[in-house]
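The sequence shown begins at 2 in our numbering and counts up one residue at a time.
What follows is a single structure, written as structure tokens, with notes after it.
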Amino acid sequence: MTQESPTPLGAMYINGRFEPAQSGETFVSTNPINGEPVAVIPFGDERDARRAVDAAAAAFPAWSRLSAAARAKHIHRVADALERRRDEIALLITMEEGKPSREAQGELQLSIDSLRWYAEESRRAYGAWIPDPIPGRRLLTQRMPVGVCGAIIPWNVPCAMIFRKAAPALAAGCTMVLKPAEATSYIALKVAEVFAEAEFPAGVMNFVTGKSSAIGNVFLTDMRVRKISFTGSTEVGRLLMRGAAEQIKRVSMELGGNAPVILFDDCDLDATIRAVSTLKFLNAGQACIGANRIYVQSGIYDEVARRLADHAQTMKVGDGSQAGVAMGPLIDMKAVEKVEELVGDAVRQGANVRAGGSRIQGEAYEKGSFYAPTVLSEVSMKARLHEEEIFGPVAALYSFESEDQVIEMANAVPYGLSAYLFTENMDRALRVGERLESGMVGINETRLGAAEAPFGGVKMSGIGREGGREGLEEYLETKLLAIRVRE
Ligand code: NAD
């Protein structure tokens with residue numbers, strides 16, 4: 002922090018006002034590329050969270066009674082403001098989270114798409130007129146907003162994740178208090194400015210930063226919070242679900258993944274190598290839908306290992322705001338140490354390092370949390386990285402012979418977010434795709450997200466969906482009206 006370039010000071014956004022933590026405490030978020038401070042962030046606690054819930058509860062009656070069309074106008078104005086600040090926020094994502102510009106711009110696009118799509122979709126939240134077996138009565142259903150929602154998001158998708166939750170919730174007529182991850186808090190506070198610029202009604206959308214357990218605890222124990230929408234690790238998701246049980250709150254859980262990627266020997270190899278490399282090294286491997294277990298049919302195994310390793314060795318790693326950089330750092334040194342541990346364990350169990358396998362040396366990398374794009378072959382299914390989400394740039398290759406065998410291998414873990422398969426045989430694609438235990442299956446395709454499409458997992462990867470019509474349902478209740486009619 003120098004006099005010439007003071008570190009900017011972020012402020013929480015509660016009831017339409019920007020403010021520090023009640024305690025006056027702060028923490029500093031840093032740039033994973035070079036370890037430099039990005040911003041000073043308020044370290045909020047229960048008091049701030051409670052004030053934000055007060056504001057969201059006070060704003061709920063008026064916001065929920067607005068027509069869906071009127072809410073849509075407000076939401077489109079947020080999208081307009083976000084479009085105006087698109088490049089500034091994308092650059093901040095690269096600085097605070099580390100992902101390259103192109104990926105950061107993709108987050109902005111998904112954010113804007115989500116706002117615009119849900120603004121319109123809530124106008125179609127129809128109820129029904131139900132054929133009634135009893136004469137002299139009519140049965141109607143009406144779709145009602147759930148109420149005040151507490152949202153908690155991770156650092157790896159720090160902007161789009163805000164809108165994946167806020168856009169459907171606000172469109173449905175809910176109000177929200179959102180807590181970002183510590184590491185990427187400044188991005189969220191900049192997004193709060195976008196709401197202010199759009200003159201969004203005070204208290205409808207609030208941002209609180211700081212102590213996660215204290216803020217989470219207010220969401221769990223305040224009866225006015227009727228829903229918790231969480232994206233993050235399975236471990237924290239479980240903790241929140243337990244807590245939410247106490248007041249029977251609704252939950253949406255977008256949790257960890259451990260995606261299988263299946264390459265059959267009849268796949269289009271050039272296209273497949275390109276797609277798998279992009280998927281694997283997306284956000285330096287820190288993606289919930291990232292390629293975790295790459296199963297390659299024995300006939301093409303050696304060639305796939307060689308070509309993935311060639312690709313990994315030629316990737317430009319560094320500051321993602323610079324042209325040509327394909328991969329940035331991991332979020333922090335703790336993440337680097339975890340990847341080191343997982344790779345060490347796999348190697349001890351017989352894996353061969355075909356590319357990378359260590360931190361990156363050199364002056365440009367000294368202050369950042371960089372790990373080299375890595376390819377491991379002959380990985381044992383007993384290695385920890387088969388069971389655990391790697392969350393780093395490590396492609397782990399396993400060999401298989403038959404369809405039945407690979408389906409069993411793919412389904413052998415307790416996670417089920419995304420799965421991918423590559424084959425030119427469409428009968429096989431459907432046969433295998435239908436039997437994979439996951440919420441999403443990519444067939445010769447690795448891009449799964451769109452505002453229009455439901456995204457989410459089965460098994461220990463979560464409950465509920467974000468995106469699409471299903472994403473709106475997460476924020477709606479169905480109310481029955483039974484009406485006496487004199488015939
Ligand atoms: P994390 O679970 O450590 O943290 C997520 C959020 O929870 C953060 O905001 C954190 O501050 C907060 N948190 C932590 N402890 C808490 C507590 N006791 N009470 C309330 N809040 C608490 O996860 P992370 O490391 O930030 O993110 C990575 C994880 O997120 C990975 O497992 C990844 O797969 C998952 N993820 C899932 C999806 C999906 O859509 N399924 C998308 C992105 C990331």
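All C-beta atoms in this analysis are idealised placements derived from N, C-alpha and C, irrespective of residue type, glycine included.
In the structure shown, what three-state DSSP assignment does residue i receive?
i	result
Met-224	coil
Phe-265	coil
Glu-364	helix
Gly-204	coil
Trp-130	strand
Lys-460	strand
Phe-19	strand
Ala-396	strand
Lys-335	helix
Leu-67	coil
Lys-1	Any property of residue 1 remains undetermined from this structure, which presents the chain solely from 2 to 488.
Phe-61	helix
Ile-163	helix
Glu-478	strand
Thr-8	coil
Hey, is residue i close to ligand 1, as in C-beta under 7 Å from one of its heavy atoms?
i	result
Thr-479	no
Gly-107	no
Phe-392	yes
Val-237	yes
Cys-268	no
Asn-284	no
Ile-464	no
Gly-458	yes
Val-158	yes
Using the rule of at least 16 other Cβ atoms within 10 Å of the residue's Cβ for burial, across every protein chain shown, is residue i buried or exposed?
i	result
Val-192	buried
Gln-4	The pLDDT assigned to Gln-4 is 45, lower than 50, so where the model puts this residue is not dependable, and the model offers no usable value.
Val-492	The requested residue 492 does not occur in the structure, where the chain is confined to residues 2 to 488.
Ala-168	buried
Asp-114	buried
Tyr-127	exposed
Asn-207	buried
Thr-235	buried
Leaving out five residues before and five after residue i in sequence, what residues of the same chain have Cβ atoms less than 7 Å from its Cβ?
i	result
Ala-105	Ala-91, Ile-94 and Thr-95
Phe-201	His-75 and Val-79
Lys-460	Pro-415, Tyr-416, Gly-417 and Glu-438
Ala-451	Gly-468
Asp-269	Glu-425
Gly-107	none
Could you give the first and the last residue of the continuous beta strand (DSSP E) run that contains residue i?
i	result
Tyr-14	13-15
Tyr-296	292-298
With a CB to CB cut of under 6 Å and the five nearest residues on each side skipped, what residues in its chain are close to residue i?
i	result
Trp-130	Leu-141
Ser-381	Gln-350 and Gly-351
Ala-276	Thr-447
Can you give me the Cβ contacts of residue i inside the same chain, cut-off strictly under 8 Å, excluding the 5 residues immediately before and after it?
i	result
Met-2	Low confidence applies here, because Met-2 scores a pLDDT of 40, under 50, leaving its location unreliable and the question unanswered by this model.
Gly-358	Val-344, Val-348, Ala-373, Thr-375 and Leu-377
Arg-72	Trp-64, Ala-120, Ser-123, Leu-171, Ala-172 and Gly-174
Pro-43	Gly-11, Ala-12, Met-13, Glu-20, Pro-21, Ala-22, Glu-26, Thr-27, Asp-49, Thr-210 and Gly-211
Pro-136	Glu-488
If you follow the alpha helix (DSSP H) that residue i is part of, which residue opens it and which one closes it?
i	result
Glu-97	87-97
Gly-443	Careful: Gly-443 lies outside any alpha helix (DSSP H), inside the beta strand (DSSP E) at 441-444.
Gln-1	One cannot answer for residue 1 here, as it falls past the ends of the chain, which runs 2 to 488.
Met-242	235-246
Measuring only between beta-carbons, confirm whether residue i sits less than 8 Å from chain B.
i	result
Ile-90	Among the chains in the structure shown there is no chain B, since it carries only a single protein chain.
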